[in-house]
Amino acid sequence: MNSAVKNRIKDNAFKYFGIACTSFGLLMLAIFIGNILIEGVARIDWDFITNFPSRNPEKAGILPALVGTLWIMGLTAIIAIPLGVSAGVYLEEYGKKSRLANILEINISNLAGVPSIIYGLLGLEIFGRILGMGGSLLAGASTLSLLILPIIIVSTREALKAVPKSIKEASFAMGASKWQTIWYQLLPASFGGVITGIILALSRAIGETAPLIVIGALAYVPFVPASPTDEFSVLPIQIFNWISRPQKGFAINAASAIIILLLVTFVLNGVAMYLRNRWQKKVKW
Amino acid sequence: MNKLEAQNVNVYYGANKVINDISISIKPNSVTAFIGPSGCGKSTFLRLFNRMNDYIDIFKMEGKVEIDGKNIYDKNIRVEELRKQIGMVFQKPNPFPKSIYENIVYGLRIQGIKDKNILDETVEKSLKQAALWEEVKDKLKNSALALSGGQQQRLCIARTLAVEPTVILMDEPASALDPISSAKVEELIYELKNNYTIVIVTHNMQQAARVSDTTAFFYMGELIEHDATKLIFTNPKNERTQNYVTGRFG
Ligand SMILES: Nc1ncnc2c1ncn2[C@@H]1O[C@H](COP(=O)(O)OP(=O)(O)OP(=O)(O)O)[C@@H](O)[C@H]1O
Ligand SMILES: [Mg+2]
Chain U
1 MNSAVKNRIK DNAFKYFGIA CTSFGLLMLA IFIGNILIEG VARIDWDFIT NFPSRNPEKA
61 GILPALVGTL WIMGLTAIIA IPLGVSAGVY LEEYGKKSRL ANILEINISN LAGVPSIIYG
121 LLGLEIFGRI LGMGGSLLAG ASTLSLLILP IIIVSTREAL KAVPKSIKEA SFAMGASKWQ
181 TIWYQLLPAS FGGVITGIIL ALSRAIGETA PLIVIGALAY VPFVPASPTD EFSVLPIQIF
241 NWISRPQKGF AINAASAIII LLLVTFVLNG VAMYLRNRWQ KKVKW
Chain F
286 MNKLEAQNVN VYYGANKVIN DISISIKPNS VTAFIGPSGC GKSTFLRLFN RMNDYIDIFK
346 MEGKVEIDGK NIYDKNIRVE ELRKQIGMVF QKPNPFPKSI YENIVYGLRI QGIKDKNILD
406 ETVEKSLKQA ALWEEVKDKL KNSALALSGG QQQRLCIART LAVEPTVILM DEPASALDPI
466 SSAKVEELIY ELKNNYTIVI VTHNMQQAAR VSDTTAFFYM GELIEHDATK LIFTNPKNER
526 TQNYVTGRFG
């Protein structure tokens, strides 16, 4: 057998191995989603979405948890996006050489690997106790913001790095200041990457349960949170709560709530993809 | 008075000295060509005049560089102001990933000019000056990246002209272009020299001979000879210049 043939066999072997691995992952996901759908779809109706939790699984709904999740998403976005993007811009464009930036950089990479429950403890102490926010939406969103900041910072930096140097040079040569170059050239040109990072980060935040439980999010909320200082629950906590009940009815409710949570995530990702594609049509190197 | 002047300039990249005691005077409304073998310091020297080397961490310079008798490395010079006076065109066309229109008005926008009439007028005037108006006047809102390489380069020249500089620095502006586009850019340089002081780096001897009034020959970080282009190409004083322009090395 000559080496070209051998290489081709290896090539093919690897290709099929890759396909097998990918299919395995997809298959597991499909089984999981299929299972959830079979169990939960029938239970979803308008009442399920607009009802409060109840001791009776047939009457129980997800309204407070769903509204809580939307609140948390919104607040986390408001807190984390400006902070994360600014920090990314600073580290990439301003702080490159400084010692401070170096220290920050190492810490940010480390932060991305810290278990989320630790963030919960941090949030409980700082936001809940010291700043007196208690178990409010604001405390929860602040904690989740900390958790996802590293993701936003890193992806902002990557996106900025991907902008060709020639664009920066051209802008400077036209007499633009550093800030103008960032604002008019670098950020628009890296918008796709930045937005992808933001959405990934927010999707992560939506699914988080542990840190919110630690800061004192409630499992049973008989009201719809109406302001950032209100206490709250979120879908993952509601799901967790239902799953831990012995009655079969609650297991079905949990499946239905998972479907809603997945829908919210898909919508979020869909918006991200739409924005990114729209933007990338305009920006091509 | 000289438009541009450099006196006893040294440039270092880290410990590496790449410009060695160069002095040069450049007259207003003239075209000066910088020639010399690769790596001899032409780009580095050119970029001294709009302080584009400032972004290189290990860059260090000594000496004086003046425009209209003012030292541009003075502490109270604002680089942004300086660069409105001294435009630059790069080797590879680098339009912004925006519309043709937005490319041209960028320099005005960053100066805070919002008046639509002024912007519109500037777009038309600059594109006409850069001999691009006829080709793009119906698609000003289209992406600049959809233009051909030659058109992109003329757009970059138009963009530079839009802020009405007095000096234009060009670093091999035609080297990435096909012969026809290249000829167009050359023609353009020839036209512009009535109103602008142009310094152009080029590896193309014919091009240097065609467009420039004076030519400066650089070799290993030194300025070997700067004289009328005709003299440099027909009767240079230095033997190395002679060898270079006749293609015997480099
Ligand atoms: N950013 C940099 N950092 C370190 N050294 C550099 C840098 N840029 C250029 N140099 C060095 O400085 C010297 C002059 O480079 P320069 O780019 O000015 O040459 P050039 O004459 O323009 O060459 P070419 O004709 O190939 O464009 C070279 O030795 C080069 O290696
Ligand atoms: Mg060069």
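Listed in order, the protein sequences are those of chains U and F.
Quick note, the first sequence lines up with residues 1 to 285 if you use this note's numbering.
Quick note, the second sequence lines up with residues 286 to 535 if you use this note's numbering.
Glycine is no exception: its CB is placed at the ideal position from the N, C-alpha and C atoms.
Runs of the beta strand (DSSP E) spanning 3 or more residues and lying entirely within the stretch 40 to 113 of chain U do not occur at all.
For the pair residue 191/U and residue 299/F, the Cα-to-Cα distance works out to about 35 Å. For residue 124/U and residue 209/U, the gap between their C-alpha atoms comes out near 14 Å.
If you look at residue 207/U, you'll find it in the alpha helix (DSSP H) that goes 191 to 207.
In the three-state reduction of the DSSP assignment, residue 406/F falls in the helix class. Taking 9 Å as the cut-off, the Cβ atoms of residue 254/U and residue 243/U count as close.
Just so you know, the alpha carbons of residue 380/F and residue 360/F end up roughly 31 Å apart. Taken in chain order, the complete alpha helix (DSSP H) segments of 4 residues or longer contained in the stretch 353 to 395 of chain F are 364 to 370, 385 to 394. Relative to ligand 2, residue 327/F has its C-beta within less than 8 Å of a heavy atom.
Residue 163/U has its alpha-carbon roughly 33 Å from the corresponding atom of residue 505/F.
At a C-beta separation below 8 Å, residue 448/F has these neighbours in chain U: 174, 175. Judged by DSSP secondary structure, residue 290/F falls within the beta strand (DSSP E) whose first and last residues are 289 to 298. Distances from the alpha-carbon of residue 166/U to those of 378/F, 357/F, 370/F put 378/F closest. Taking the C-beta atoms as reference points, residue 352/F is found no nearer than 9 Å to residue 446/F. In this structure residue 340/F is exposed. Its beta-carbon is surrounded by fewer than 16 other beta-carbon atoms within 10 angstroms.
Boundaries of the beta strand (DSSP E) around residue 499/F: 499 to 504.
Going by DSSP, residue 317/F is part of the beta strand (DSSP E) stretching over 316 to 320.
Burial state of residue 431/F is exposed, judged by a 10 Å Cβ sphere holding fewer than 16 other Cβ atoms.
The C-beta separation of residue 316/F from residue 474/F comes to about 6 Å, placing the pair in contact by the 8 Å criterion.
Between residue 232/U and residue 137/U, the CB-CB gap stays under 9 Å.
Approximately 6 Å separates the beta-carbon atoms of residue 331/F and residue 486/F; this is inside 8 Å, confirming the contact. Non-local C-beta neighbours of residue 155/U in its own chain, meaning closer than 8 Å and more than five positions away in sequence, comprise 88, 193, 194, 196, 197, 198, 200, 201, ordered along the chain. Judged by pairs of C-beta atoms under 8 Å, the stretch 411 to 426 of chain F does not touch the stretch 451 to 468 of chain F, as fewer than three such pairs exist. Ligand 1 has no heavy atom closer than 8 Å to the beta-carbon of residue 277/U. Between residue 501/F and residue 319/F, the C-beta gap is smaller than 9 Å, which places the two residues in contact.
For residue 169/U, the nearest beta carbon of chain F is closer than 9 Å to its own beta carbon. Of the other Cβ atoms in all chains shown, 16 or more fall within 10 Å of the Cβ of residue 241/U; this residue is therefore buried.
In this structure, the alpha-carbon of residue 395/F lies about 12 Å from that of residue 368/F. Inclusion of residue 456/F in the 8 Å shell around ligand 2 follows from its C-beta lying nearer than that to a non-hydrogen atom of the ligand.
Residue-level contact by beta carbon fails for residue 438/F and chain U, as no gap is shorter than 9 Å. Listed along the chain, the chain F residues whose CB falls inside 7 Å of the CB of residue 189/U are 382. Cβ-Cβ separation between residue 444/F and residue 357/F: approximately 22 Å, too far for a contact (criterion under 8 Å). Measuring C-alpha to C-alpha distances from residue 157/U to each of 187/U, 66/U, 143/U, 119/U identifies 187/U as the nearest.
Neighbours of residue 392/F in chain U, taken as residues whose beta carbon is under 7 Å from its own, are 174, 175 in chain order. At a cut-off of 9 Å between C-beta atoms, residue 342/F counts as an interface residue with respect to chain U.
Counting only Cβ-Cβ distances below 9 Å, residue 338/F has no contacts in chain U at all, with the closest Cβ about 11 Å away.
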